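Chains as they are written, first to last, in my numbering: chain A, 111 to 311; chain B, 72 to 275.
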């Protein structure tokens, strides 16, 4: 069975550094035989979570827009690569808006207890975070990781790896980075091979 | 002397725990007749998401026309800027993150164009505070929000040492913060302390 890989681009800017890095990852996955799709968050209709907690009763979000539909697509994928540039030391408001809308999944897991991901399921679903930052600080991604962890926990994916590259301002863009594009491509190939092996077991 | 306080209530839920915390701070500040407060719920502020176009690095202004046209000037004029947010999914909520990302115009002004954000005589005479609530009881639940909050303040010329934090974990359902043993007293004290500190600096 074909491995399915879903890339989610959380940048407001099309074809910038982060989306280009995501594309390289997806290209690697495609070359390894995966079925690959890419979603551009900014083109979807996703409003921020209202914090109404209605999902704590029924387990569903009462806001009818593209967010629950995208979560359905995530659940249909073997691998999800979520991508965001670093803005103001965190993920973009766009991606944070989508992640916050996963509250109904949290409610299903912990409030009404209708959803549970066994370890075996989590191991067979791999999540990657792809990011770039203008700053050269090593800690520039630190504020993003806990939110990505929450996202993958909520959706039953193992937080498998990061593909991150800082110092974009100095490199003048991701294509001038010495290793990032190649690394992303190879990680795309590798994760598909790992998932294929797991499917055979 | 009038002290201008600008307070952004960042929660999508009106009058929830983080906004209550903010209201306590504002309530104690308002006891001083020299304090003028403007509170802005971000649910009503019409602030779009940053497009990442970087035009502000050249234009020294944002190309978007929305609520930020008003708040840009108010942010410069204010002596005290408060921001409140609940923690959602281990981070600041999306609405205040959108506000923070739109501070890019100040970042461009300060670091790219090397122009002043506030007049030199007002530097060091502005204070900020971040008020947050979280449902989780983990002590580290606020950690990932703080770097973005610092960015928010740094680019509008409020220094690291001039940012206060009051962050209350383990309050989830609406009104839970009312039963917290210290939150209200701490918030009232914070409001009083900030006004006293600012007056001291303005008179110095």
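Ideal Cβ placement from N, Cα and C applies to all residues, glycine included. Predicted, not measured: the structure shown is a model, and the values here were computed from it.
On the criterion of 16 or more Cβ atoms from any shown chain inside 10 Å, does residue 256 (chain A) qualify as buried, or is it exposed? buried
Which runs of the alpha helix (DSSP H) at least 4 residues long sit entirely within the stretch 210-279 of chain A? Give them in chain order. 213-216, 229-233, 255-265
Are the CB atoms of residue 286 (chain A) and residue 239 (chain A) nearer to each other than 8 Å? no
Do residue 263 (chain B) and residue 99 (chain B) have their CB atoms nearer than 8 Å? yes
List the residues of chain B whose Cβ lies closer than 8 Å to the Cβ of residue 218 (chain A), in chain order. Neighbours of residue 218 (chain A) on chain B: none; closest Cβ ~15 Å, over 8 Å.
Please confirm whether residue 120 (chain A) and residue 205 (chain A) have their CB atoms less than 8 Å apart. yes
Distance cutoff 8 Å, beta carbons only. Does residue 214 (chain A) sit that close to anything in chain B? no
Under 9 Å, CB to CB, which of the residues in the stretch 148-173 of chain B have a partner in chain A? 157, 159, 160, 161, 162, 163, 164, 165, 166, 167, 168, 169, 170, 171, 172, 173
At least one CB of chain B closer than 8 Å to the CB of residue 204 (chain A): is that the case? yes
Separation of residue 199 (chain B) from residue 203 (chain A), as counted between CA atoms: 21 Å
Would you say residue 278 (chain A) faces chain B, with C-beta separation under 8 Å as the test? no
Counting Cβ pairs closer than 8 Å, one from the stretch 175-190 of chain B and one from the stretch 209-217 of chain A, do we hit at least three? no
Taking the continuous alpha helix (DSSP H) assigned at residue 189 (chain A), which residues delimit it? Careful: residue 189 (chain A) lies outside any alpha helix (DSSP H), inside the beta strand (DSSP E) at 189-193.
Going by Cα to Cα distance, which pick from B:88, B:173, B:145, B:134 is closest to residue 75 (chain B)? B:145
Using a Cβ cut-off of 8 Å (strictly closer), state whether residue 200 (chain A) contacts chain B. yes
Residues from the stretch 158-176 of chain A in contact with chain B, defined by Cβ distance under 8 Å: 158, 159, 160, 161, 162, 163
Just the Cα atoms here: how many angstroms apart are residue 217 (chain B) and residue 172 (chain A)? 30 Å
Where does residue 161 (chain A) sit, in a helix, a strand or coil, going by DSSP? coil
Could you round the C-beta distance between residue 115 (chain A) and residue 191 (chain A) to whole angstroms and report it? I think they count as a contact, below 8 Å. 7 Å
For residue 212 (chain B), which of B:159, B:236, B:131 has the nearest alpha-carbon? B:159
Integer Cβ distance of residue 186 (chain A) from residue 132 (chain A), believed to fall under 8 Å: Not a contact, Cβ separation roughly 19 Å.
State the CB to CB distance for the pair residue 237 (chain A) and residue 267 (chain A), rounded to an integer number of angstroms; the pair is presumed to be in contact (CB under 8 Å). 4 Å
Best match in B:227, B:191, B:251 for proximity to residue 206 (chain B) [C-alpha to C-alpha]: B:251
Between the C-alpha atoms of residue 222 (chain A) and residue 169 (chain A), what's the straight-line distance to the nearest angstrom? 7 Å
Taking the Cβ atom as the reference point for each residue, do residue 96 (chain B) and residue 273 (chain B) lie within a distance shorter than 8 Å? no
Of all the beta strand (DSSP E) runs that stay within the bounds of the stretch 183-242 of chain B, which reach a length of 3 or more residues? 198-204, 234-239
Looking at residue 158 (chain A) and residue 166 (chain B), is the spacing between their C-beta atoms short of 8 Å? yes
Chain B partners of residue 197 (chain A), CB-CB under 9 Å? 121, 123, 168, 171, 172, 175, 219, 222
Contacts of residue 259 (chain A) in chain B (Cβ-Cβ under 8 Å): 161
Start-to-end residues for the beta strand (DSSP E) that takes in residue 158 (chain B): 151-159
By Cβ distance below 6 Å, which residues in the same chain neighbour residue 255 (chain B) in space, the five residues on each side in sequence not counted? 95
Residue 141 (chain B) burial status per 10 Å Cβ neighbour count (16 or more: buried): exposed
When A:189, A:234, A:282 are compared against residue 311 (chain A), the one with the closest alpha-carbon: A:234
Between the stretch 183-191 of chain B and the stretch 237-253 of chain B, do at least 3 Cβ pairs fall closer than 8 Å? no
Could you name the residues of the same chain whose beta carbon sits closer than 6 Å to that of residue 199 (chain A), not counting the 5 residues immediately before and after it, in chain order? 253
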